[in-house]
Structure formats: C-alpha cells, structure tokens
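According to mature numbering (1 follows the signal peptide of the UniProt record, and there is no 0), the stretch in the sequence shown is residues -18 to -1, 1 to 360, in order.
For glycine and all other residues, C-beta sits at the position ideal for the given N, C-alpha and C.
Bear in mind that the values here come from a model prediction, so they are computed numbers and not experimental data.
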Amino acid sequence: MKLPCALSLVFLTSFVTSQDISSDTRVCQEFTVPVTVTSQVFITEYSAFQDSYDVVGFVNNIAGRDSNTTFAPLGGRKNVTASYTIGATICNPKGSGGKNKTLLLATPGLGYDRRYWDSEVDPANYSFVDFAISQGYSVFFYDRLGTGESSKVSGYNDPQAQIQLAILQQLTLLLRAGKYTGVLGVPGKLVHVGHSFGSFLSNALVATTPELSDAAILTGIAYGSASMTFIEAWGLRIATQIAPGRWNNRDNGYLTWVDAFGNAAVFFYPGSYDTEVLWYTEDVKQPLAAIELLTPSALRLRAVGFTRPVMIISGEFDFAVCDGDCRGFLASAKEEIFPNATDFQAVVHPGVGHAINFSYNATGAYGIMLEYLERHEL
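Put into structure tokens, the structure is as follows:
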C-alpha cells in the first residue's frame, strides 16, 4: 500500500560537532541535521510493556503463524508533522578527485546506528566507509530516528517505518542540494545503500520517489519469507532493564537482544566471524523500537517506476531474511519488486550470515558492490 508522505525541505543551520576526525585518507565531519517531516502513521493499540515478560508475549504474538488474524496492535491512521534532529557523518576522500562526484547514502538496520558502516575494530577488513573512500567515493551515513545521536522518541509510536522513510527522503533532498556533503559539494550522482531494515527503507524510497536515486545497493534483504522466527531467536528484552544506566533516555518501548549469543544467532553464521568483532557489535549495539517491528509492511516496495541499477546482496546463511539459506531465494525480486530496473543483480555472498559488514570477507562483498557501480559509471 502507498502511504502519502509530504516532505518539508528545511535548510536550517546544522551543528558541526567534529571535523577532520579520521585518517590521512579521508576527511570526515559529524553533523546534527534538523528535519521536519509529515507522514501518515498508524494509531497504536497495544499496551506499554511493564516488564520483559510483556515483551516475550509481544514477540510471541508477532511471530505466531496466525498473527495476521489474532494480533491487531495497530488501528487507524493519521497524519503527523514532527521535527527531529538526525546524527550523521560525511566522509570524503582526502585530496582532490573522487569517483565522478558520486555520493553513497548509507542507512543501517535494526540494532545498529551509523557505526555499522564504519567499524572501529580492524577497519581495513570491516569498515565499508574506509573501503568506499579507498575507491574514491564519498559516504554519508546516519543514525536512524531513536538511535545514536538522533532524536530520542517513544519506542511505542514514533519511529514508524513511514517516518523513517520520510526522514531518508528529506536527507536525500538535502544532500542533492549540496548540504552536509563536505568538500564534495553538490553530488553528481547519489546511490542509496542499505542494510536490512535500512535496505527496506531504501527500497521504499526508490519505489515512492524514484527520481531521488541514481542506483540502489541493498544488503541483508530478501522478499517472500513470512517467517518471523529470527525475532524469537534474538531473545528481546526491555533495553533499560538489560543494561541499567546505558539507555536511560529511552522508554520501555525500546528493546534489545538479551546477550551476545542472541546477537550471534540472528546476525552471524558459525565459523564466519571473529568473536572479538561480535563483542564489538555488543558494545555499539542500539535498541530497536517495538513499533519498528510492526510497521515495515506499510512500506510500498514494488518499484515499477525505478529504471536505474539495483543490486541486492545477502549472506548465504542469512537467518533473519532467508531462514538461514538465501540460495535460490533472491532472484525473484527482479520481477516482483524491480521489474524495470537496469541490470538487476541478486548476489548471495558465500559463507556468511546477516551482518555482512562484520563477517569474514566483508571487503569481498564491498568489492562486488562498488565494482557494480563502476560498471554503471557511478
């Protein structure tokens, strides 16, 4: 279904909190970006969680085979206009040049903020940003609403998928106008890159506003699986009760997996990751909002009007989107989701799970992604 979204392009002054924060290969700036968006959102009809027993019941209701008929947490719809601030980083290659002035706009998935794209652990092997910079690209990556340095809102109502999409659309408009792009200025081309929930948001952007994107690379994504067993495997609990004092600015509507083993069960595949990296992801993980689990189905994904390049790339053993086996499961997206895309490519990245960026051979996946853009002169 298509939910209308009106965008208010706000060119307000941002606050640059850090400059030249990286290495001799890149120049990065951190921003707080003000946005105002109007979206059609759901009216919620489920009760606030008093404790993690309530969360277990909530997850059971979502994951049940008959959840479409037995669980009705959402009611009617209403239009909402709201203003937020979004934490973001732009990184440009140091020195002149760049890849044809192409900008990559990267959106993380649930459980992470923008650090998903720029690992501080062994960045040569895991940082997507570093790899893209080495190939001459500029990268803008940000914290979704409710995570990182972005505005903290109610996890029960506010960070609905429709609002997250509207924010991504407005960020795209700002970047295309040359705002928050660092030394790049106005980009020649803009490519949307996503992971998991961030991929579905990027997919929805090219479906609803195809003119805003020159290509899409979607990681950790698949279509057609109705299973929600991965949510059970996470072992979600109220975030503030799992880690007292860590996320005091979130209400009980924010959830996180119970421990590193729940993390490993959903995001990783045995033998495909370094445990040091797994524990790093525990250090940087972000709570997800309960409403984010309920609203992805509101996104319009079929992108008939998008005629530019699209690649989807998921781990061979991705439990979250393929029930643990993506082989033969991705190619159908060509006809079902992107029937008119230029050179649609579906790639199964061998031997890894959902979190491609934190698995062995992450740079192999990055190479495939950026070589694809190179073929299309992006």
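Member of the options whose CA lies at the smallest distance from the CA of residue i
| i | options | result |
| --- | --- | --- |
| P269 | A246, N230, P16 and I25 | N230 |
| A242 | A221, Y236, G253 and D265 | D265 |
| F24 | E12, Q11, L276 and T51 | L276 |
| T20 | I72, Y66 and P192 | Y66 |
| G235 | L155, N139 and S178 | N139 |
| G93 | F340, T222, G69 and T129 | T129 |
| L260 | C304, Y108 and T154 | Y108 |
| A246 | T52, Q152 and V334 | V334 |
| I203 | Q327, T154 and S136 | Q327 |
| P321 | L156, F288 and V103 | F288 |
| G306 | G164, P332 and T89 | P332 |
| G69 | I149, A143, L183 and F113 | I149 |
| F13 | F123, P105 and N42 | F123 |
| T190 | V165, Q152, Q223 and Y162 | Q152 |
| L183 | A347, T89, Y162 and L360 | T89 |
| P75 | I44, R8, D112 and I145 | R8 |
| G77 | I115, N61, W99 and Q223 | I115 |
| A106 | L194, L352, E353 and N339 | N339 |
| C10 | M351, D100 and A186 | D100 |
Inter-residue Cα distance where the pair is residue i and residue j
| i | j | result |
| --- | --- | --- |
| S34 | A271 | 14 Å |
| P291 | T84 | 14 Å |
| A197 | V173 | 5 Å |
| G167 | N343 | 33 Å |
| T345 | Y255 | 13 Å |
| E274 | V188 | 20 Å |
| M(-18) | V121 | With a pLDDT of 36 at M(-18), under the threshold of 50, the modelled position of this residue cannot be trusted; read the value that follows with caution. Roughly 31 Å between the two C-alpha positions. |
| R126 | R357 | 30 Å |
| S314 | V329 | 12 Å |
| A225 | N50 | 32 Å |
| L281 | P192 | 14 Å |
| G118 | R59 | 44 Å |
| F301 | L200 | 16 Å |
| T238 | A221 | 5 Å |
| F212 | T52 | 20 Å |
| T26 | G57 | 6 Å |
| V240 | F250 | 15 Å |
| A45 | S209 | 7 Å |
| G206 | S136 | 30 Å |
Collapsed DSSP secondary structure at residue i in the structure displayed
| i | result |
| --- | --- |
| N322 | coil |
| S279 | helix |
| W229 | coil |
| A159 | coil |
| V103 | coil |
| E131 | coil |
| S49 | helix |
| C308 | coil |
| Q142 | coil |
| F(-8) | Note that F(-8) scores a pLDDT of 36, beneath 50, so its modelled location is shaky; the value from the coordinates is reported in the next line. It is coil, neither helix nor strand. |
| K60 | strand |
| G176 | strand |
| A(-13) | For A(-13), the predicted structure reports a pLDDT of 41, less than 50, and the residue's modelled location is therefore unreliable. A value from the coordinates is still provided. DSSP places A(-13) in strand when its eight states are reduced to three. |
| G335 | coil |
| R8 | strand |
| T257 | helix |
| A30 | coil |
Assigned exposure category for residue i - 16 Cβ within 10 Å defines buried
| i | result |
| --- | --- |
| G349 | exposed |
| S133 | buried |
| P55 | buried |
| P141 | buried |
| F(-4) | Confidence at F(-4) is low in this model, with a pLDDT of 46, below 50, so the placement of that residue should be treated as unreliable; the coordinate-derived value is given next. That one is exposed. |
| G91 | buried |
| V286 | exposed |
| S181 | buried |
| D6 | exposed |
| N42 | exposed |
| R97 | buried |
Below-9 Å beta-carbon distance, residue i vs any chain C residue
| i | result |
| --- | --- |
| P169 | The structure shown contains no chain C; it is built from a single protein chain. |
Requested in this report: Would you be able to state if there are at least three C-beta pairs under 8 Å between the stretch 214 to 225 and the stretch 33 to 48?
Outcome: Taking 8 Å as the limit for Cβ pairs, the verdict is that the stretch 214 to 225 does touch the stretch 33 to 48.
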